[in-house]
Structures are given as structure tokens and as C-alpha cells.
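Numbering (my numbering), first residue to last: -16 to 168.
Pasting the structure below:
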């Protein structure tokens, strides 16, 4: 805050804005420090009056749900009687956020596994191409056949795992959809 802002400050409005943003009372220290440079002391009583009014806007179940769903941590600034409903809604939103993160993690794992399968298939094709080249020694041919067997086993295992990973993604998606239907604000 500059000199004029500090001198002409409506401390109730500033408190209201801070409360509506969920800022703790200690945030007044930031204003105090900025205005102290200009010889102005904030009106604590007016600030707190405004902040409490702003917290009524912040501490709604709808906002708690939105914050939880966005992955924000629970901010313990709400007082009774608003705190309980706010926290409960935040918990529901946080559950949805956690389910979204789990689904994202499962999808990423599935994508990495698909990449692995693609790499194995490419290695098999390259090994098969090497195997039919002219002038290949019997020792090299045996090595390539053994390599094909190993790659084939790895591919088979990876494809089996792929189905399990796809099932996990489907389960995570179903769970997310269920809780999104259950928790509405």
C-alpha cells in the first residue's frame, strides 16, 4: 500500500476483502508493515469487523466444496456456526480431488504401459528383421531366437498387465463419477 492508500484506507473494506479471501487475522500484519512506512496505523477494530463480515462470504459450504475440489488445503479461519458446514463440504470436495488425482495417476500408468508395449513390439520387429538377413551366423541366429523368446514373454506379460491397468482406470473413473453425483453443491 502506498502513502495515500494507507492514509485514506477504509479498514472495514480492506478487512472484508481479506475475509472474503479466507485470510487469517494475522494478514493485517502485512497492511500494518506497509502503512508503518508512512506513519499510518491500521484501525484493528474496523478491520476485524470487516474481516468477520467477509468470512461469512468465504465460509460457505459451496466455497468449501469448491476449494476442496480444487486441491486447496483446509483453511482454519471459519468460526462456529459456519466452520462445521464449511469443513464438511471441503472434505467432500477434497475427496473428489483425491479421486481425480488417482484417476490421473492410473491413466498415466496405463499410458506408460502402452508405450512399453509399443517399444517391445518394435524391438520384436527389429529382431525378426535381423533374423532373416542374409549371411547371419548360426550363433547370432540362436542369440536372436532367444532374444525373440524373451521379448515375446515380456510382451505377453505387458499385455496381461495392460488389461489390469485398464480395469483400474475404469474403476477409478466409476468411483469419481459416483462421488461427483453424490456430492453436489
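Quick reminder that beta carbons are idealized off the backbone N, C-alpha and C, glycines included.
The three-state secondary structure of residue 53, taken from DSSP, is coil.
Annotation for residue 14: the continuous alpha helix (DSSP H) segment containing it runs 11 to 19. Taking all protein chains shown into account, residue 133 has fewer than 16 neighbouring C-beta atoms within 10 Å of its C-beta and is therefore exposed. If one requires a minimum length of 4 residues, the alpha helix (DSSP H) runs lying completely within the region 28 to 89 are 44 to 52, in chain order. A straight-line Cα-Cα distance of about 45 Å links residue 112 and residue 82. Rounded to the nearest angstrom, the gap between the Cα atoms of residue 138 and residue 92 is 16 Å. Distance check between residue 129 and each of 67, 148 and 107 places 107 closest, using alpha-carbon atoms only. According to the DSSP assignment, residue 122 belongs to the alpha helix (DSSP H) that extends over 121 to 165. No residue range can be given for residue 5, since it is assigned to no alpha helix (DSSP H) and is classified by DSSP as neither H nor E. One alpha carbon belongs to residue 147, the other to residue 57, and they sit about 35 Å apart. The Cβ-Cβ distance between residue 30 and residue -2 falls below 8 Å.
Its Cα nearest to that of residue 77, the residue 166 stands out among 122, -16 and 166.
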